[in-house]
Amino acid sequence: MEINKEVLQRASACSKNKACLKTPENLCPVLCEASDNMIVVLKKKPEKCDYHVHFGYNGFCNCPVRKEIYRTQNK
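Each residue of the sequence shown is one higher than the one before, starting from 113 at the first, in this note's numbering.
The structure is reproduced here in structure tokens:
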């Protein structure tokens with residue numbers, strides 16, 4: 113998956129070394145876009161993610177890479 117270098121640099125807090133780019137089938141599914149800066153996702157795995165903010169059963173994702181994938185590829 114091709115992602116802009118600026119976006120990759122903004123995701124510096126990723127503890128998974130941007131594994132979503134290598135295995136996109138593990139992406140948390142996007143439920144909706146809450147704003148320009150946040151998407152609501154269904155977290156697939158109970159792993160810790162610095163970009164995920166829990167909200168009920170779902171949560172907000174503010175990962176720059178995940179948001180770029182959603183915006184450019186609608187995934």
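Note that beta-carbon positions come from the ideal geometry of N, C-alpha and C, so glycine has one too.
Which residue comes first and which comes last in the alpha helix (DSSP H) that contains residue i?
| i | result |
| --- | --- |
| Glu145 | Glu145 -> not in any alpha helix (DSSP H); beta strand (DSSP E) instead, spanning Val142 to Glu145. |
| Pro176 | Pro176 to Gln185 |
Just to confirm the assignment, what range does the beta strand (DSSP E) spanning residue i have?
| i | result |
| --- | --- |
| Ile151 | Ile151 to Val153 |
| Asn116 | No beta strand (DSSP E) contains Asn116, which DSSP labels as neither H nor E. |
If distances are taken between C-alpha atoms only, which option among the options comes closest to residue i?
| i | options | result |
| --- | --- | --- |
| His164 | Val142, Gln185, Thr184 and Arg183 | Val142 |
| Leu154 | Gly168, Glu118 and Asp162 | Gly168 |
| Glu118 | Cys173, Lys187 and Val177 | Val177 |
| Cys173 | Leu139, Ile181 and Val152 | Val152 |
| Ala146 | Gly171, Thr184, Ala125 and Lys157 | Gly171 |
| Asp148 | Lys187, Tyr182 and Met113 | Tyr182 |
| Met150 | Leu139, Glu180 and Ile115 | Glu180 |
May I ask you to report which of helix, strand or coil DSSP gives residue i?
| i | result |
| --- | --- |
| Cys126 | coil |
| Cys132 | helix |
Going by DSSP, name the residue or residues bridged to residue i.
| i | result |
| --- | --- |
| Gly171 | Val153 and His166 |
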